[in-house]
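Respectively, the protein sequence lines represent chains G and H. Residue numbers for the first sequence follow this note's numbering, beginning at 712 and rising by one. Residue numbers for the second sequence follow this note's numbering, beginning at 712 and rising by one. Backbone N, C-alpha and C fix where the C-beta goes; we use that ideal spot for every residue, glycine too. Below: one structure, written as C-alpha cells.
Protein chains: 2
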Amino acid sequence: MIWRDEHGRRLDDYPQPSVAVDVALLTLDQDGRLAVVVHARPGAHEHGRPALPGTFLRVDRRETLREAALRALRDKVNVTGREPRQLAVFDDPDRDPRGRVLSVAHVDLVPPDRITGTTGVLAPVGPLPHPLAYDHERVVAAAIDHVRAAYRRLPDPAGLAGAEFTLLELQQVHEAVLGEPLQKDTFRRHTAPDLVETGRVRAGTVGKPARTFRRR
Amino acid sequence: MIWRDEHGRRLDDYPQPSVAVDVALLTLDQDGRLAVVVHARPGAHEHGRPALPGTFLRVDRRETLREAALRALRDKVNVTGREPRQLAVFDDPDRDPRGRVLSVAHVDLVPPDRITGTTGVLAPVGPLPHPLAYDHERVVAAAIDHVRAAYRRLPDPAGLAGAEFTLLELQQVHEAVLGEPLQKDTFRRHTAPDLVETGRVRAGTVGKPARTFRRR
DNA sequence: TCAATAGTGTCTCTGAGACATTATCTG
DNA sequence: CAGATAATGTCTCAGAGACACTATTGA
C-alpha cells in the first residue's frame, strides 16, 4: 500500500531531514560537582571543539530516539546510560554545515561509578572551559535546568547516592546538583517523607552513627 | 564540500525519517471552556478519526519547526497561530502506517476571536467525544498540562482575556483553563502584583464598576 | 432603599527556615 | 570525659486560603 497526501505525493517525494540525538550526560566528578561528559573527537567541521555524544537516528533499524541516545553513549563515550529524557528539538537550518540536521537533545544523569570506563572527558558545568561544538552549550544549560527541577521535587530521582545512603550523603548529592548549600534540618524534614528507613546504621566513623535510608 | 562521518558515509547514505509537526491548538469555546481545534479530513489510513492540524516539515524550503506549525494551522484549519511551543517528539516506529514519521508535537493557545474563520471543529477537552487519530490524544493531554502549568505561574500568559480586562474576567479565563473554580480574593492577591491598572473602569452593568488592568 | 458586584481587613493554618538542644557514637 | 556527628524540639515569619465586612454603582 502506497499512501499519498492531498497533493498525490508520497512521503519520500519530499526531501527529508537527518535526525540526530545529542545527550548531555551529567554526573558528579571526583570533587562532588556536577559535570558533563564530552568527547574530544568531533567532526573536522567543528574545528576540534568538544561535543556532546550524539549520533544519527538509524531509521533502517527501526530505532527509537531513546535507543539512539543510549547507543550514542555506548559508542561515543563508552557509558551505559540509564534513562535519557528528551529536552527539545534544535532545528536551526544552519546549525550543522553538513546539511539539514535536526537534533533531539536529551539529558541523562548517572552515578559516577558508571563513568569509570569512559572514553570521554568530564567537564565541570558552569562556565565551561572551552566552547562546545554546535549549539551544545544550550543543550547543557537545558539539561541542568531539567535535573535541578527534578531534584527540587524529589530526593535523588537519578539515584546518584546509590541504593542505600545516610541523610548527609543524600544532602551532599543534592548540594552538588543544585549548586548551593542546604540546611540539614530543613533538608531532612523536606525529604524524609519520601524515604524509607532500612533499619541499619552507617557505623565505623566518629560520631553518632547515621541511619541509612532507601528511596521509596 | 562533502562531509563524511567516521565510517566514510555521507548524511544521506543513511535512510532519513519524515518529520511532521502536529499542533494542539487550544482556545475557549462559546461556553468558556477549554477546547481543541481538530479537523475532520484526515488521511484514509486514519479511518475518519479527527486529527490535530499537522504537516510535514518542508526541508526544501529551509523551514523551521515553528514555521511548519504555523503553516499547518493556516492551511489545515485557517487559523493564524500565535506562538507554538514544542512539547515532545513522538517516535514510535509504528505510529504512522505510511512509514517512519517522527512527530514534533506543539501547543498553541489563542483567544477565541482568532478561531472565528476556522475550517476546523472545536472539541471540548476532557473526555473527548471521539478518539483522535494517531497518538494525538497524548498530544492534547501534554498540551493541557503545559498551559495549566503556565497559568498557575502567571496571569493569562496567552492573552485570552484580551489587552484590557477586569479581574473577574481574568479569573473566569483562569477557571476555564485550569478547569476548577477559584476564590476571588485569593486570586486577586495572587495576580495583582503582575498587573498594572489602566485607570479606567468597566461601567454599564449593575454593581460597582470594576477597574480594568493590563498585563505587565 | 435594595440588589448586585467590587474590593479589602483580618483570622487561621501550614510549611519553610533557622537556632538551639538533646542523643549517641569513637577514642 | 571530650569531641564529633545525628536527630529533633521549637520559635518565627511568610503566604495561602477563607470568611466577613465595607464600598460603589444601577434600578
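Does the beta carbon of residue i sit closer than 8 Å to a beta carbon anywhere in chain G?
i: residue 725 (chain H); result: yes
i: residue 811 (chain H); result: yes
i: residue 776 (chain H); result: yes
i: residue 797 (chain H); result: yes
i: residue 773 (chain H); result: yes
i: residue 722 (chain H); result: yes
i: residue 769 (chain H); result: yes
i: residue 804 (chain H); result: yes
i: residue 788 (chain H); result: no
i: residue 734 (chain H); result: no
i: residue 748 (chain H); result: no
What is the DSSP secondary structure of residue i, counted as helix, strand or coil?
i: residue 893 (chain H); result: coil
i: residue 778 (chain G); result: helix
i: residue 827 (chain G); result: coil
i: residue 718 (chain H); result: coil
i: residue 770 (chain G); result: helix
i: residue 917 (chain H); result: coil
i: residue 804 (chain G); result: coil
i: residue 886 (chain H); result: helix
i: residue 738 (chain G); result: strand
i: residue 817 (chain H); result: strand
i: residue 880 (chain H); result: helix
i: residue 835 (chain G); result: strand
i: residue 745 (chain G); result: strand
i: residue 903 (chain G); result: helix
i: residue 784 (chain H); result: helix
i: residue 794 (chain G); result: coil
i: residue 875 (chain G); result: coil
Under a CB-based cut-off of 8 Å, is residue i close to chain H?
i: residue 730 (chain G); result: yes
i: residue 800 (chain G); result: yes
i: residue 944 (chain G); result: Residue 944 (chain G) cannot be examined here, being either before or after the span of chain G that is shown, 712 to 927.
For residue i, count the other beta carbons within 10 Å of its own beta carbon; 16 or more makes it buried, fewer makes it exposed. Which is it?
i: residue 765 (chain G); result: buried
i: residue 787 (chain H); result: buried
i: residue 811 (chain G); result: buried
i: residue 694 (chain G); result: Lying outside 712 to 927, the shown extent of chain G, residue 694 (chain G) is not represented and no answer is given.
i: residue 894 (chain H); result: exposed
i: residue 733 (chain G); result: buried
i: residue 879 (chain H); result: exposed
i: residue 792 (chain G); result: buried
i: residue 865 (chain G); result: exposed
i: residue 915 (chain H); result: exposed
i: residue 912 (chain G); result: exposed
i: residue 897 (chain G); result: exposed
i: residue 713 (chain H); result: exposed
i: residue 903 (chain H); result: exposed
i: residue 920 (chain G); result: exposed
Cβ of residue i versus every heavy atom of the ligand ADP: is any distance shorter than 7 Å?
i: residue 823 (chain G); result: You won't find the ligand ADP in this model; it holds no ligand whatsoever.
Original post:
Below 8 Å, can you find three or more Cβ-Cβ pairs linking the region 766–775 of chain G to the region 828–844 of chain G?
Top reply: Judged by Cβ distances under 8 Å, the region 766–775 of chain G makes no contact with the region 828–844 of chain G, as fewer than three pairs qualify.
Original post:
Which ranges does the alpha helix (DSSP H) cover as unbroken runs of at least 4 residues, wholly within the region 843–870 of chain H, from first to last along the chain?
Top reply: As far as the region 843–870 of chain H is concerned, its whole alpha helix (DSSP H) runs of at least 4 residues are 847–864.
**OP:** Evaluate contact between the region 745–752 of chain G and the region 787–803 of chain G, counting only Cβ atoms and requiring at least three cross-stretch pairs below 8 Å.
**Re:** yes
Original post:
Taking contact to mean at least 3 C-beta pairs separated by less than 8 Å, is the region 862–876 of chain H in contact with the region 804–823 of chain H?
Top reply: The region 862–876 of chain H makes contact with the region 804–823 of chain H; the number of CB pairs closer than 8 Å reaches 3 or more.
Original post:
Is the region 905–915 of chain H in contact with the region 882–897 of chain H, if contact means three or more CB pairs nearer than 8 Å?
Top reply: no
Subject >> Validate contact between the region 712–724 of chain G and the region 794–813 of chain H using beta carbons, cut 8 Å, 3 pairs >> reply: Verdict: yes, contact present.
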